[in-house]
Amino acid sequence: MTVPLDRTYRVELHVSAERVSQLRRIVAAHLRHWSLDLHVRPVCRAAEELLTNVHRHVGDDNKAVVELRWTGRHLTVSVADNGSAMPRLLSGGGGGLSRVMALSDSWGTCRTTEGKVVWFTRYAQAPRSTELAPRPPLPGVLEARELQVPVLV
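Every number in the working numbering is 41 more than the matching position in the sequence shown, counting from 1.
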């Protein structure tokens, strides 16, 4: 199966509690369309965590840009917003970036001129389809009777 490289999806939205759950469904649909069904749950949970952090720390109705990029081997999800405070990995863990870290292979943050971007990646190779080759039929009763099988006494 040949996988087209650099599949992307990008959406700009006003972050609210309702939009977070809506975007989770949109991300899941794109992953399934790209045959990445095994990654739907962890990717959606991590993306939901990033958007919830934007909603919680930057404020209601703040604009954010969510981007998915799949190269055929790696899936990167990034969330950009215009908040000035950089996210921190809390030592106690339990939520936020520690959950994103647990659900991904790598993650990071960087400042932009408008605010910041938080991203994570997962190794996500497309499943390989196997060609179905016809098998010879199993012998039936008549063919089995014709076979001479020696009987051990």
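Yeah, the Cβ is synthetic: ideal placement off N, Cα and C, and Gly gets one too.
Point to revise | Neighbourhood of residue 165 by C-beta, 6 Å cutoff - its chain only, sequence neighbours within 5 removed | key: Along the sequence shown, one-based indexing puts residue 165 at 124. So the list reads 77, 80 and 116, once near-sequence residues are dropped.
Check your understanding: Taking three-plus beta-carbon pairs below 8 Å as touching, is the region 48 to 61 in contact with the region 139 to 150?
Key -> Under the 8 Å Cβ criterion, the region 48 to 61 does not count as touching the region 139 to 150, having fewer than three qualifying pairs.
Exercise for review: Could you have a look at residue 88 and say whether DSSP puts it in helix, strand or coil?
Suggested key: Here residue 88 refers to the residue found at position 47 of the sequence shown. Assigned with DSSP and collapsed to three states, residue 88 falls in helix.
Exercise for review: Measure the alpha-carbon distance for residue 52 versus residue 60 and round it to whole angstroms.
Suggested key: By 1-based counting over the sequence shown, the position of residue 52 is 11. By 1-based counting over the sequence shown, the position of residue 60 is 19. If I take the Cα positions, the gap works out to 12 Å.
Review point. Around the Cβ of residue 125, are there at least 16 other Cβ atoms within 10 angstroms (buried) or fewer (exposed)?
Key: Taking the first residue of the sequence shown as position 1, residue 125 is located at position 84. So residue 125 counts as exposed.
Practice item. Return the residue from the list 54, 160 and 129 that minimises the CA-CA distance to residue 96. Key: Within the sequence shown, residue 96 is the residue found at index 55, counting from 1. Measuring from the Cα of residue 96, the nearest candidate turns out to be 54.
Review point. Quick one, which of 178, 163 and 176 has its alpha-carbon nearest residue 86's?
Key: Counting from one through the sequence shown, the residue named residue 86 turns up at place 45. Among 178, 163 and 176, the Cα nearest to that of residue 86 is on 163.
Exercise for review: Report all residues from its chain with a CB closer than 8 Å to the CB of residue 58; omit the five preceding and five following residues, and keep chain order.
Suggested key: Indexing the sequence shown from 1 puts residue 58 at position 17. Around residue 58, the same chain offers 96 as residues with beta carbons nearer than 8 Å, after the five sequence neighbours per side are excluded.
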